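Participant:
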Amino acid sequence: MKTLYSAVIVVVFFTGAAFADVSIYLYPRVGQKPGGLVLSDIAEIDADTDTVAAISEIGIDARLASDGYLDRREIIHVLADRVRGRVNVYGSGVRVADPGGESATGSSRIMVKKGETVRFQVVNACVKVEIIGTAMKDGAAGDVIPVKLRGSTVTSGKILNEKIVELEL
0 MKTLYSAVIV VVFFTGAAFA DVSIYLYPRV GQKPGGLVLS DIAEIDADTD TVAAISEIGI
60 DARLASDGYL DRREIIHVLA DRVRGRVNVY GSGVRVADPG GESATGSSRI MVKKGETVRF
120 QVVNACVKVE IIGTAMKDGA AGDVIPVKLR GSTVTSGKIL NEKIVELEL
(Lines of atoms letter the chains of each structure in order from A and count residues from 1; the text may use other names and numbers.)
(Lines give C-alpha, C1' and ligand atoms only; values in the text may rest on other atoms or scores of the structure.)
Protein backbone atom coordinates (compact mmCIF):
# COMPACT_ATOMS: atom_id res chain seq x y z
CA MET A 1 0.00 0.00 0.00
CA LYS A 2 2.86 2.34 0.87
CA THR A 3 4.45 1.68 -2.56
CA LEU A 4 1.16 2.43 -4.35
CA TYR A 5 0.79 5.68 -2.39
CA SER A 6 4.35 6.73 -3.32
CA ALA A 7 3.72 5.89 -6.98
CA VAL A 8 0.56 8.04 -7.01
CA ILE A 9 2.42 10.99 -5.49
CA VAL A 10 5.24 10.67 -8.04
CA VAL A 11 2.76 10.47 -10.95
CA VAL A 12 0.80 13.49 -9.70
CA PHE A 13 4.02 15.47 -9.20
CA PHE A 14 5.39 14.73 -12.68
CA THR A 15 2.03 15.24 -14.37
CA GLY A 16 1.76 18.74 -12.89
CA ALA A 17 5.32 19.62 -13.84
CA ALA A 18 5.17 18.28 -17.41
CA PHE A 19 2.55 20.71 -18.66
CA ALA A 20 3.18 24.41 -18.21
CA ASP A 21 -0.08 26.04 -19.26
CA VAL A 22 0.16 29.51 -20.75
CA SER A 23 -3.02 31.57 -21.08
CA ILE A 24 -3.02 34.53 -23.46
CA TYR A 25 -5.90 37.03 -23.11
CA LEU A 26 -6.01 39.17 -26.27
CA TYR A 27 -6.77 42.88 -26.10
CA PRO A 28 -9.47 43.87 -28.62
CA ARG A 29 -7.52 46.80 -30.10
CA VAL A 30 -3.96 48.11 -29.87
CA GLY A 31 -2.04 50.95 -31.46
CA GLN A 32 1.00 50.33 -33.63
CA LYS A 33 4.27 51.37 -31.95
CA PRO A 34 7.25 52.91 -33.78
CA GLY A 35 9.60 50.15 -32.58
CA GLY A 36 7.11 47.39 -33.38
CA LEU A 37 4.79 45.34 -31.21
CA VAL A 38 5.72 42.71 -28.64
CA LEU A 39 3.45 40.04 -27.18
CA SER A 40 2.83 41.98 -23.96
CA ASP A 41 1.46 44.90 -26.06
CA ILE A 42 -1.32 42.80 -27.60
CA ALA A 43 -2.26 40.48 -24.72
CA GLU A 44 -2.30 39.82 -21.01
CA ILE A 45 -0.12 36.77 -20.29
CA ASP A 46 -1.02 34.38 -17.47
CA ALA A 47 1.72 31.85 -16.63
CA ASP A 48 4.52 31.34 -14.13
CA THR A 49 6.89 34.31 -13.77
CA ASP A 50 9.76 32.70 -15.68
CA THR A 51 7.55 31.93 -18.68
CA VAL A 52 5.99 35.40 -18.64
CA ALA A 53 9.45 36.98 -18.59
CA ALA A 54 10.59 34.75 -21.46
CA ILE A 55 7.66 35.36 -23.81
CA SER A 56 6.39 38.86 -22.99
CA GLU A 57 9.08 40.53 -25.11
CA ILE A 58 8.66 38.31 -28.18
CA GLY A 59 8.49 40.61 -31.19
CA ILE A 60 5.47 40.48 -33.49
CA ASP A 61 6.42 40.65 -37.18
CA ALA A 62 4.79 43.69 -38.81
CA ARG A 63 3.83 41.56 -41.84
CA LEU A 64 1.45 39.57 -39.62
CA ALA A 65 -0.52 42.76 -38.92
CA SER A 66 -0.47 44.02 -42.52
CA ASP A 67 -4.19 43.24 -42.84
CA GLY A 68 -4.95 45.27 -39.70
CA TYR A 69 -5.50 42.22 -37.49
CA LEU A 70 -3.53 39.60 -35.59
CA ASP A 71 -5.66 36.50 -35.30
CA ARG A 72 -5.40 33.58 -32.90
CA ARG A 73 -3.66 31.33 -35.45
CA GLU A 74 -0.92 33.89 -36.07
CA ILE A 75 -0.27 34.35 -32.36
CA ILE A 76 -0.09 30.60 -31.73
CA HIS A 77 2.36 30.32 -34.65
CA VAL A 78 4.60 32.99 -33.06
CA LEU A 79 4.59 31.08 -29.74
CA ALA A 80 4.93 27.55 -31.17
CA ASP A 81 8.73 27.30 -30.94
CA ARG A 82 9.11 29.18 -27.68
CA VAL A 83 6.55 27.58 -25.37
CA ARG A 84 6.49 23.96 -24.29
CA GLY A 85 3.14 22.79 -23.06
CA ARG A 86 -0.36 23.95 -23.72
CA VAL A 87 -1.09 27.47 -25.00
CA ASN A 88 -4.62 28.78 -24.50
CA VAL A 89 -5.50 31.92 -26.46
CA TYR A 90 -8.66 33.71 -25.35
CA GLY A 91 -10.11 36.03 -27.99
CA SER A 92 -10.35 35.70 -31.74
CA GLY A 93 -7.92 38.44 -32.70
CA VAL A 94 -6.46 41.88 -32.09
CA ARG A 95 -7.17 44.90 -34.26
CA VAL A 96 -3.95 46.80 -34.91
CA ALA A 97 -4.35 50.53 -35.60
CA ASP A 98 -1.68 52.98 -36.69
CA PRO A 99 -0.87 55.95 -34.41
CA GLY A 100 -3.30 58.15 -36.38
CA GLY A 101 -6.17 55.92 -35.29
CA GLU A 102 -6.96 54.29 -38.61
CA SER A 103 -6.48 50.56 -39.05
CA ALA A 104 -3.69 49.27 -41.25
CA THR A 105 -6.25 48.32 -43.90
CA GLY A 106 -7.05 51.94 -44.73
CA SER A 107 -10.68 51.81 -43.62
CA SER A 108 -11.13 55.53 -44.33
CA ARG A 109 -11.55 54.94 -48.07
CA ILE A 110 -14.90 55.96 -49.52
CA MET A 111 -17.17 52.94 -49.93
CA VAL A 112 -20.44 54.65 -50.84
CA LYS A 113 -20.69 57.73 -53.05
CA LYS A 114 -23.45 60.30 -53.14
CA GLY A 115 -26.20 59.28 -55.58
CA GLU A 116 -25.34 55.55 -55.63
CA THR A 117 -28.04 52.95 -55.13
CA VAL A 118 -27.62 51.09 -51.84
CA ARG A 119 -29.48 48.36 -49.98
CA PHE A 120 -30.89 49.78 -46.75
CA GLN A 121 -31.35 47.11 -44.06
CA VAL A 122 -33.41 47.14 -40.89
CA VAL A 123 -32.45 44.24 -38.61
CA ASN A 124 -34.38 43.32 -35.47
CA ALA A 125 -33.75 39.99 -33.68
CA CYS A 126 -34.72 37.40 -36.31
CA VAL A 127 -36.31 39.71 -38.90
CA LYS A 128 -34.35 41.52 -41.63
CA VAL A 129 -36.01 43.94 -44.06
CA GLU A 130 -34.15 45.37 -47.07
CA ILE A 131 -35.20 48.40 -49.07
CA ILE A 132 -33.46 50.00 -52.04
CA GLY A 133 -32.39 53.59 -51.42
CA THR A 134 -30.08 56.33 -52.67
CA ALA A 135 -27.06 57.55 -50.68
CA MET A 136 -27.25 61.29 -50.03
CA LYS A 137 -23.54 61.75 -49.24
CA ASP A 138 -20.17 59.98 -49.49
CA GLY A 139 -19.01 57.74 -46.67
CA ALA A 140 -16.57 55.06 -45.51
CA ALA A 141 -17.29 51.86 -43.58
CA GLY A 142 -18.77 52.72 -40.18
CA ASP A 143 -19.89 56.23 -41.18
CA VAL A 144 -23.51 57.23 -40.63
CA ILE A 145 -25.03 58.72 -43.79
CA PRO A 146 -28.52 59.82 -44.85
CA VAL A 147 -30.31 57.55 -47.33
CA LYS A 148 -33.34 58.56 -49.41
CA LEU A 149 -35.89 55.76 -49.54
CA ARG A 150 -39.06 55.48 -51.66
CA GLY A 151 -40.83 58.75 -52.08
CA SER A 152 -39.20 61.49 -50.04
CA THR A 153 -38.45 59.55 -46.85
CA VAL A 154 -34.90 60.15 -45.63
CA THR A 155 -33.34 58.16 -42.80
CA SER A 156 -29.80 57.61 -41.53
CA GLY A 157 -27.82 54.40 -41.40
CA LYS A 158 -24.33 53.04 -40.84
CA ILE A 159 -22.32 51.84 -43.85
CA LEU A 160 -21.48 48.14 -43.52
CA ASN A 161 -19.81 47.56 -46.89
CA GLU A 162 -19.84 48.85 -50.46
CA LYS A 163 -23.56 48.45 -51.11
CA ILE A 164 -25.21 47.91 -47.71
CA VAL A 165 -26.33 50.54 -45.19
CA GLU A 166 -27.93 49.41 -41.92
CA LEU A 167 -30.46 51.40 -39.88
CA GLU A 168 -28.78 53.05 -36.91
CA LEU A 169 -31.07 52.34 -33.93
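Take the sequence shown: its position 48, counted from the start at 1, is 47 in numbering that gives the first Met the number 0, and no numbers get skipped. Think of the CB as a built atom: it goes at the ideal place given N, C-alpha and C, for glycine as much as any other residue. Only a predicted model underlies this, so the values are computations on that prediction, with no experimental measurement involved.
Starting from the N-terminal side, write out each stretch of the alpha helix (DSSP H) that is 4 residues or longer and does not extend beyond the region 54–137.
Facilitator: The qualifying runs are 71–78.
Participant: Pull up the CB-CB distance for Asp20 and Arg85, whole angstroms please, since I reckon it's below 8 angstroms.
Facilitator: With a Cβ gap of about 5 angstroms, Asp20 and Arg85 count as contacting.
Participant: Among Leu166, Gly138, Arg83 and Glu43, which residue has its Cα nearest to the Cα of Lys112?
Facilitator: Checking every option, the nearest Cα to that of Lys112 belongs to Gly138.
Participant: For Val128, which residues from the same chain have a beta carbon less than 6 angstroms from its beta carbon, with the 5 sequence-adjacent residues on both sides left out?
Facilitator: Answer for Val128: Val121, listed in chain order.
Participant: If I measure Cβ to Cβ from Met135 and keep anything under 6 angstroms in the same chain, skipping five residues before and after, which residues do I get?
Facilitator: Excluding residues within five positions, the ones whose Cβ falls inside 6 angstroms are Pro145 and Lys147.
Participant: Using 10 angstroms around the beta-carbon of Ala64, count the other beta-carbons present and answer buried if the total reaches 16, otherwise exposed.
Facilitator: Buried, by the Cβ-count rule.
Participant: Which of the three DSSP states is assigned to Leu36 in this structure?
Facilitator: If DSSP states are grouped into helix, strand and coil, Leu36 belongs with the strands.
Participant: Less than 8 angstroms between the beta carbons of Ala52 and Tyr26, yes or no?
Facilitator: No. Outside cutoff.
Participant: Distance, Cα to Cα, Gly35 vs Thr50?
Facilitator: The alpha-carbon atoms of Gly35 and Thr50 are separated by roughly 21 angstroms.
Participant: Measure the Cβ-Cβ separation of Asp66 and Ser91 and say whether it is below 8 angstroms.
Facilitator: No, Cβ-Cβ distance for Asp66 and Ser91 is not below 8 angstroms.
Participant: Is the CB-CB distance between Val37 and Ile57 below 8 angstroms?
Facilitator: Cβ distance < 8 angstroms, so Val37 and Ile57 count as in contact.
Participant: Would you report the Cα separation of Gly150 and Arg118, rounded to the nearest angstrom?
Facilitator: Approximately 16 angstroms between the Cα atoms of the pair.
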